[in-house]
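What follows is a set of notes on a single structure, which appears directly below.
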Amino acid sequence: MVFLSSCNYFDDGFVDRVERLDKYTPGGFHPVLVGDRIHNRYEVIDKLGYGGWSTVWLVHDSHKQRYLALKVGIADSLPREVPILRALSAQPKAQNLGFDSIPHLLDEFTVSGPNGSHPCYTTALALCNLRECSSSRLFYLDVARAMAYELVLAVAYVHSQNFVHGDIHLRNILVHSQSSIDKLSIPQFRKEYGEPESYKVKRRDGQPLTPNVPSIVTVPLYMGKKAKEFTLRDARIILSDFGESYSPGTDVRLGKNCHTPVDFRPPEAHFEPDTPLSFSADIWSLATAIWDIVGMRALFSSAFYSDKQVMCQIVDIIGPLPDHWYENWKDRDEFFDRDGQPKESRHVWPEIGQAFRNRVQKFRGEANMVELCVGEEAAFLDMMKRMLKYRPEERYTVQQVLECDWMVKWARSDYERSRLSQA
């Protein structure tokens with residue numbers, strides 16, 4: 001039982017991993033229940049997730065007899081990703097391999113309810129995000145290479161259409177579902193994945209619920225598997241969540257308005273907050289995401305660390321900041337002495353080569369998984385260093401990433417093998 005309180009506080013009835021119930025107000029979330037039929041077409045089977053602006057549901061399309069993801073936005077809003085997805089969903093004139101690795105809008109409509117009129121749209125179903133399945137396990141090296149290559153293809157397609165994704169990290173990289181799921185009837189689906197994990201909602205003051213609030217809340221369904229269980233056949237990804245995306249030619253996005261998690265955030269967003277971001281911002285985030293896919297531990301981590309400590313990690317790992325950034329870094333004296341050397345009292349993070357051996361090779365060896373050979377390690381680190389240049393204009397473009405040695409000599413062949421196994 002979940003107890004609803006007008007003061008946004010939940011006592012012993014609090015349930016983790018569900019959206020805030022105080023957002024079910026006029027102008028907020030639309031109350032959706034498992035079993036609802038939406039738009040006279042989509043039967044709600046389970047919940048997939050939620051965010052600040054929407055809830056996401058697993059639905060069965062009665063017209064096409066397939067399972068889809070349905071995103072239901074807050075009332076009277078136009079999710080900023082909708083026009084971007086609409087543009088990206090248009091078939092490009094020339095063949096572009098990354099086109100299949102971004103969500104395509106399948107249907108758009110609105111639903112009316114007690115909290116207002118809500119924008120809705122459907123996309124293909126995905127099983128999970130890479131953070132969920134890699135949180136405690138490693139991908140086999142061929143799988144990691146294939147997914148990294150496809151991720152770069154996806155970013156290349158987005159950039160070719162003059163958009164910056166703006167929020168690349170593992171939670172926004174989804175695992176493509178297998179078409180075999182669509183062969184399951186709803187009872188068969190329940191047998192395979194279980195019943196929804198749901199809880200009744202009750203007001204703490206004992207008063208009846210208003211129509212604004214759902215009578216039952218549902219915990220998101222996990223349909224994925226552990227990283228080590230992935231084969232090349234499973235190595236299909238979708239770059240999702242375009243809510244932070246923009247087109248640099250028409251939409252100015254200043255560094256101070258960058259909402260990418262600090263672990264993945266390009267440093268110019270911090271040091272040049274009033275300067276517009278561009279495609280190079282994605283390249284920094286893309287590098288950290290590729291590292292996460294290949295390794296066990298992130299290159300930079302905000303777990304238990306403040307934003308300024310993450311910046312210190314970056315300097316230790318990548319090297320000294322440009323002079324004008326360093327001079328204007330208000331936190332520098334906390335970590336470095338007058339000569340620019342790390343203060344003796346603090347932990348010093350290893351430079352990127354040693355970090356690779358500690359966070360990638362070491363864990364792969366301990367897990368009895370293939371490590372990167374000497375030549376591949378050198379190529380991978382060279383790619384990382386070129387993508388992680390401090391000055392945005394000095395970073396690789398996404399096309400240069402695709403053409404670098406690690407992508408051409410190691411990642412591409414595993415990506416091609418992956419696609420053949422899925423044919």
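First residue of the sequence shown: 1, per the UniProt record's numbering; consecutive thereafter. Note that CB positions come from ideal geometry on N, CA and C, so glycine has one too. Values in this document were obtained by computation on a predicted structure and should not be read as measured data.
- A straight-line Cα-Cα distance of about 20 angstroms links R395 and D274.
- The beta strand (DSSP E) runs lying completely inside the segment 104 to 180 and spanning 3 residues or more are 107 to 113, 116 to 124, 126 to 129, 173 to 176, given in chain order.
- For Y305, the closest alpha carbon among the candidates A144, Q399, V262 is that of V262.
- Bridge partners of L70 according to DSSP: W57, T122.
- A direct Cα-Cα distance of roughly 45 angstroms separates G194 from Q400.
- Sequence-distant partners of L125 (beyond 5 residues in either direction) whose C-beta falls short of 6 angstroms from its own C-beta, in its chain, are Y67, L68, A69, S177.
- Under the three-state reduction of DSSP, D331 is assigned to coil, being neither helix nor strand.
- In the three-state DSSP reduction, T250 falls in the coil class, being neither helix nor strand.
- A check of alpha carbon separations from D414 across L141, R80, S134 identifies L141 as the nearest.
- DSSP, read as helix, strand or coil, puts F336 in strand.
- In terms of Cα proximity to W410, the closest of D234, R391, C373 is C373.
- Ranking L21, D46, D36 by CA distance to the CA of I74 puts L21 first.
- Here DSSP, grouped into helix, strand and coil, assigns D274 to coil.
- In this structure, DSSP gives I102 a state outside helix and strand, which the three-state scheme calls coil.
- Contact between F139 and A281 is ruled out by a C-beta separation of about 26 angstroms, above the 8 angstroms threshold.
- V408 and V252 have their C-alpha atoms some 34 angstroms from each other.
- Less than 8 angstroms separates the beta-carbon of M311 from that of H270.
- A156 and P79 have their alpha carbons spaced roughly 23 angstroms apart.
- Our two residues, F29 and E192, have alpha carbons roughly 29 angstroms apart in a direct line.
- Of the residues assessed, S198 falls on the buried side of the cut-off, its CB having 16 or more other CB atoms within 10 angstroms.
- Taking the C-beta atoms as reference points, E81 is found nearer than 8 angstroms to F242.
- Bridge partners of E43 according to DSSP: R37, H60.
- Less than 8 angstroms separates the beta-carbon of S245 from that of V164.
- For V32, the closest of H324, F264, P214, K330 by C-alpha to C-alpha distance is P214.
- Taking C-beta atoms under 8 angstroms as the contact rule, A148 and V294 qualify, at a distance of about 7 angstroms.
- Residues C312, P342, K343, R346 of the same chain have their beta carbon placed closer than 7 angstroms to that of F335, with the five preceding and five following residues left out of the count.
- At least 8 angstroms separates the beta-carbon of G27 from that of N162.
- If you ignore the 5 residues before and after C404, its C-beta comes within less than 6 angstroms of the C-beta of M383, all in its own chain and listed in chain order.
- Beta-bridge partners assigned by DSSP to Y50: T55.
- In the DSSP secondary-structure assignment, T218 is bridged to S198.
- Assigned with DSSP and collapsed to three states, L232 falls in helix.
- Secondary structure note for L239: its beta strand (DSSP E) is the uninterrupted segment 237 to 239.
- Secondary structure of P392 (DSSP, three-state): helix.
- By the C-beta density criterion, E108 is exposed, having fewer than 16 other C-beta atoms within 10 angstroms.
- With fewer than 16 other Cβ atoms inside 10 Å of its own Cβ, A423 counts as exposed.
- By alpha-carbon distance to L106, the top candidate from V59, A144, M387 is V59.
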